[in-house]
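Structure, as C-alpha cells:
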Amino acid sequence: MSAPDYPYLTATLGDAAERLPPELAQPLEAAFAAAVDVPDPITLQGCLQRIRSCDGADGQPWRGSTLTPGQGMAMARADRAAAGLTTLLEMFHAAERVRVDGDEGQQIGDGTREGLLLACRGLAEYVELQLHAA
1 MSAPDYPYLT
11 ATLGDAAERL
21 PPELAQPLEA
31 AFAAAVDVPD
41 PITLQGCLQR
51 IRSCDGADGQ
61 PWRGSTLTPG
71 QGMAMARADR
81 AAAGLTTLLE
91 MFHAAERVRV
101 DGDEGQQIGD
111 GTREGLLLAC
121 RGLAEYVELQ
131 LHAA
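To convert, note that position 81 of the sequence shown is 81 in the UniProt record's numbering; the numbers rise steadily by one, no gaps.
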C-alpha cells in the first residue's frame, strides 16, 4: 500500500480525499500541515521554538514598541537576562542572610557565593549590552 498524496486530508476525510481535484486538495493539505506545525504552548518542543525566536522572560514574544526586529530581539534578551539576574540576586541575598544569621550546615560556601556573584555581574553586563544594541 502506497502513502496517500495528501496524508492530512486523508486522515480528515478518509477515501473522499482521493476524489478532490488537486487545485482544491493541495491548498487544503498545506493548511492542515501548517496547523500541525504550530507549536503547542505546553510542549517542550513548542517552548524551545519560542525560546529560539527570542521570547521575553514571560515566554511571549517581545511586544514593546520596537523599531526593528533586531531591536525586539535585543529587548527580549535583556528582559530574560534581567529576570535571571533578579533570581540570582535573590538566591545570593538569601545565602548571605544564612551566612550571617543561619546554621553553618545551611551555608553554601565561598566558592558558590563567588559563583553567584560572578553570574550576577555577567548577566548585568549582558543586559547593558542588549540595551545599547536596542
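In this text, a Cβ means the ideal position worked out from N, Cα and C, and glycines have one as well.
Pairing A74 with L131, the inter-Cα distance amounts to about 7 Å.
Each residue's CA atom was taken as its position, placing H93 and G72 some 31 Å apart. In this structure, DSSP gives L20 a state outside helix and strand, which the three-state scheme calls coil. Between the alpha carbons of L116 and D58 lies a gap of roughly 23 Å. Within 10 angstroms of the beta-carbon of L44 lie fewer than 16 other beta-carbons, which makes it exposed.
Closest in C-alpha terms to T86, from the list G105, Q106, L123, comes L123.
With contacts defined as CB atoms closer than 8 Å, G56 and R80 qualify as a contacting pair. Taking the Cβ atoms as the reference, V127 lies roughly 5 Å from A82, within the contact range of under 8 Å.
Counting along the chain, Y8 sits inside the alpha helix (DSSP H) bounded by residues 7–13. Secondary structure note for G122: its alpha helix (DSSP H) is the uninterrupted segment 110–133.
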